[in-house]
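Q: Take this structure, written in structure tokens, and hold onto it; I'll ask about it next.
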Amino acid sequence: MEENYFAPSELIINEDGSIFHLHLKPHELADKVILVGDPGRVALVASHFDGVECEVNNREFRTITGNFKNKRITIVSTGIGCDNIDIVLNELDALANIDFETRKEKTNLRQLTLVRIGTCGGLQKNTPIGTFIASKKSIGFDGLLNYYAKREELDITFENEFKKQVNWNPQLGNPYVADADMKLLEQIAQDDMVRGITISCGGFFGPQGRRLRIPLADPQLNEKIVKFEYNGDRITNFEMESSALAGLAQHLGHKALTCCMVIANRRQKEANSGYKNTIDGLIKKVLERI
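Letter by letter, the sequence shown follows residues 1 to 290 in UniProt numbering.
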């Protein structure tokens with residue numbers, strides 16, 4: 001079988017010609033893509049559109065493609081976690097760069113611009129509730145990129161320094177470090193955003209140092225993370241998707257960036273559950289700059 005032929009078991013296409021999970025068809029995907037976790041946030045972003053071209057729903061994946069100030073943009077909800085980012089990124093790339101008729105990679109590849117808009121927990125004094133953080137570098141605690149080739153192309157030096165400083169437990173699996181697209185970072189993250197180092201956790205409770213009824217394996221891990229410093233950089237925030245987005249986009253030849261609003265400050269032990277009324281400010285900035 002030809003090397004670049006993708007069998008039906010690997011690339012699952014629905015009977016209507018749409019990709020398996022997203023239910024999108026190739027012509028429905030714009031080159032500019034905004035990713036959100038919450039399906040309900042798709043409508044909030046799309047409320048700023050001048051017109052809507054298509055809308056598709058399947059499971060937690062809701063998609064709207066439309067136009068904002070003469071820019072064609074697709075909004076996709078990913079759900080929570082790096083495992084869902086694996087689904088969404090691979091399917092978006094397939095829509096862009098695989099011919100669904102021949103099941104082969106296209107000769108001329110499209111480069112997508114992907115910006116995730118989300119929420120996060122701040123870890124430093126300069127990241128209080130309401131801060132907008134653009135992730136220039138992401139540390140993945142989830143292990144996703146360890147399953148793909150080209151692992152050595154990630155930031156191994158930073159990874160090793162992080163493991164050394166926090167006395168990383170090998171039972172957790174190797175963390176990986178992926179960079180955002182630097183040109184996209186310059187374009188989106190202006191003076192009204194903090195450019196930070198983000199940790200993508202494999203869960204909301206234990207992996208982020210939250211203890212309810214189950215004790216933590218390393219109760220001091222968050223304290224060590226907060227104290228970490230390398231080349232003048234500190235870790236600014238926790239969330240659950242940015243590392244997979246940055247790493248997969250890098251491997252696939254796309255541009256990616258995560259922009260989050262801080263809704264909890266872990267050091268101050270404060271949280272704002274009413275953030276949905278204020279995240280629209282971040283949405284507007286990304287729409288204008290993407």
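Note that CB positions come from ideal geometry on N, CA and C, so glycine has one too. From a predicted model like this one, the values you see are computed outputs, not experimental measurements.
Taking the alpha carbon of Ile34 as the point to measure from, which residue in Ala244, Thr65, Arg110, Ala134 has its own alpha carbon closest?
A: Ranking the options by Cα distance to Ile34, first place goes to Thr65.
Q: Check this for me: beta carbons of Thr119 and Thr236, under 8 Å apart or not?
A: Taking 8 Å as the Cβ cut-off, Thr119 and Thr236 do not qualify as a contacting pair.
Q: From this set, Gly121, Pro8, Ile214, Ala30, which residue's C-alpha is nearest Arg110's C-alpha?
A: Answer by Cα proximity: Ala30.
Q: Output the distance between the C-alpha atoms of Phe61 and Lys136, rounded to the nearest integer angstrom.
A: Their Cα atoms are separated by approximately 26 Å.
Q: Pick helix, strand or coil for Asp142, following the three-state DSSP scheme.
A: Asp142: coil per DSSP, three-state reduction.
Q: Looking at the unbroken alpha helix (DSSP H) that takes in Met193, where does it start and where does it end?
A: Met193 -> no alpha helix (DSSP H), and no H or E assigned at all.
Q: Does DSSP put Leu221 in a helix, a strand or coil?
A: Correct three-state label for Leu221: helix.
Q: Is it true that the region 136–146 meets the region 259–268, where meeting means three or more beta-carbon pairs spaced less than 8 Å apart?
A: With a cut-off of 8 Å, the region 259–268 and the region 136–146 do not count as touching, because too few Cβ pairs lie within range.
Q: Excluding the five sequence neighbours on either side, which residues of its own chain have a C-beta within less than 6 Å of the C-beta of Met1, listed in chain order?
A: Model confidence at Met1 stands at a pLDDT of 47, short of 50, so the residue's coordinates are unreliable; what they give is reported in the following sentence. Result list for Met1: empty, nothing under 6 Å.
Q: Do you know offhand how far Lys219's Cα is from Gly196's?
A: Residue 219 is actually Pro in this sequence, not Lys. Cα to Cα, Pro219 sits roughly 24 Å from Gly196.
Q: Please classify Met240: does DSSP put it in a helix, a strand, or coil?
A: Met240: coil per DSSP, three-state reduction.
Q: Confirm, please, whether the CB-CB distance from Asn97 to Lys104 is below 8 Å.
A: Taking 8 Å as the Cβ cut-off, Lys104 and Asn97 do not qualify as a contacting pair.
Q: Taking only runs of the alpha helix (DSSP H) that begin and end inside the region 96–181, which ones reach a length of at least 4 residues, in chain order?
A: Runs of the alpha helix (DSSP H) inside the region 96–181: 156–166.
Q: Exposed or buried, which one is Pro170 when buried takes at least 16 other CB atoms within 10 Å?
A: Per the 10 Å Cβ criterion, exposed.
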